[in-house]
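Structure record follows, encoded as structure tokens.
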Amino acid sequence: MSKNFDFIIIGGGMAGASCAYFLSGKGSVLLLEMESQPGYHTTGRSAALFAPSYGNAQIRALSIGGQPFFFEPPAGFCEAPLLTPRGALFIARNEQMQTMNDVYDDVSSVLKTVQKLDVAQVRELVPVIREDYVAGGLLDIESMDMDVNAIHQGFLRGSRANGTEQVTSAKVESLNRENGDWQVTAGGETYKSKVVINAAGAWCDQVADLAGAKRVGLVPKRRTAIIFDGPTDISFSDWPAFVDVDEEFYCRPESGAMMGSPADETPMDPCDVQPEELDIAIAVDRLQQATTLEIKRITRSWAGLRSFVADKTPVVGFDPEAEGFFWLAGQGGYGIQTAPGMGRTSAALASGEEIPSDLVDLGASKAELSPERFA
Ligand SMILES: Cc1cc2nc3c(=O)[nH]c(=O)nc-3n(C[C@H](O)[C@H](O)[C@H](O)COP(=O)(O)OP(=O)(O)OC[C@H]3O[C@@H](n4cnc5c(N)ncnc54)[C@H](O)[C@@H]3O)c2cc1C
């Protein structure tokens, strides 16, 4: 006998977990995750920065629309704040100053608080940035550190409390539409539902293949991160994250050490991605060119897949041809910071409702998110 649900979500990362959380009051929900730990892939490998000015208009609408949830989550969601002040400092070399001015014009249309800084002001905030490297900066004080694990666990726990069933070590192996229902096999069981939600991260196009749906052209891109010892002669825990204005690298304090990334974007097939020595070396080289940091000891490195479609806008909505097949894909480098906005949007659309009006007022658009744009 197969078990029946109103919704089956494939993938227990941030996308699937946040969707389950907001969907769980609207019908019976099953969440299937192929790994034994739902945060094993991209969700557990992020840089944990909430940057409201990051990304295109849809990303910004979903990020800013999720801020109230992050600041005041429902009772019992978490034990400590989900966001803590950090700030993001974009830095530019001489030849990047035009880009910096363009970024300022763009970002200041969304964030009134963004400020231009001269070299002295940049170095007052992050004294290790080389005086002969930097020509100017932009400070965004609204960027925050996110507690990714608390956010993810809050969504998983909250959706379980609302009745969502969660099964781990359950890789979806087949999807067949029979008599108006999806038959889903995973972990040796068969389940049924009217609606299947494809939140499989880097594997979303592979899951579409199982359903016989047309791919959306998702490209998983590897991004590398390293943790290294911070300077010993200066306090650095309050430094903002500093980011090359062309996103050639970024760096920030992280639990008593420093985190850096070469901001690499190497296209890959979906997999359990590992860091490459060359990308680690590039990260070290770029950071040492820009700063006086001496990176002698790397204590940890990792890589994760950020998955994008061509227009870098997430794909959220029912497939135009495969009935009952709902896309929740292409979260790119923004899937944590957009999670409350994306969770509410996907839950509304999957249950036949409209996108919540507060998100629409910020610019969230059913048409721009829809998979119909690939038809
Ligand atoms: C280095 C790095 C830095 C980043 N920094 C930030 C940041 O600062 N801020 C931000 O907001 N975002 C950031 N991101 C992006 C963010 O991490 C992602 O957008 C987000 O985690 C994507 O979540 P997801 O649920 O779509 O994917 P995932 O977390 O990968 O979840 C998908 C899940 O689907 C499961 N799955 C796949 N196929 C199947 C199947 N057949 N059956 C069952 N389960 C299946 C997988 O096991 C996986 O657990 C960063 C990413 C990286 C790599």
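Take the sequence shown: its letter number 332 is residue 319 in my numbering, and every next letter is one higher.
Backbone N, C-alpha and C define an ideal beta-carbon position, used for all residues, glycine too.
According to DSSP, is Glu308 part of a helix, a strand, or is it coil? coil
Within the continuous alpha helix (DSSP H) that includes Arg47, where are the two ends?
Ala44 to Phe58
Do Thr211 and ligand 1 come close, with the Cβ less than 8 Å from some heavy atom? yes
Subject >> For Asp132, the nearest candidate out of Ile323, Val16, Leu346 and Glu235 (CA to CA) >> reply: Ile323
Just checking Trp190 against ligand 1 - is the residue's beta carbon closer than 8 Å to any of the ligand's heavy atoms? yes
For Val101 and Glu141, the rounded distance between their alpha carbons: In the sequence as displayed, the identity of residue 141 is Gly instead of Glu. Distance between the alpha carbons of Gly141 and Val101: 31 Å.
Between which residues of its own chain and Phe215 is the CB-CB distance below 6 Å, once the five residues before and five after are set aside?
Met245, Ile282 and Ile285
**Request:** Taking only heavy atoms of ligand 1 into account, decide whether any of them is closer than 8 Å to the Cβ of Met131.
**Result:** no
Q.
Please report the straight-line C-alpha distance between Asp266 and Asp251, rounded to a whole angstrom.
A. 7 Å
**Request:** May I ask you to report which of helix, strand or coil DSSP gives Gly3?
**Result:** helix
- Query: Are the CB atoms of Phe77 and Leu126 nearer to each other than 9 Å?
  - Reply: yes
Same chain only: Cβ atoms within 8 Å of Met329, ignoring 5 sequence neighbours per side: Ala2, Ser5, Cys6, Leu49, Gly53, Pro301, Val303, Leu315, Gln318 and Gly322
ask   = Which runs of the beta strand (DSSP E), 3 residues or longer, sit entirely within the region 144 to 212?
value = 152 to 154, 159 to 165, 168 to 173 and 176 to 185
Per-residue DSSP class, three states only, for Asp127: strand
CB of Gly174 within 9 Å of CB of Lys158, strictly
yes
Inter-residue spacing [alpha-carbon to alpha-carbon] between Pro240 and Leu349:
31 Å
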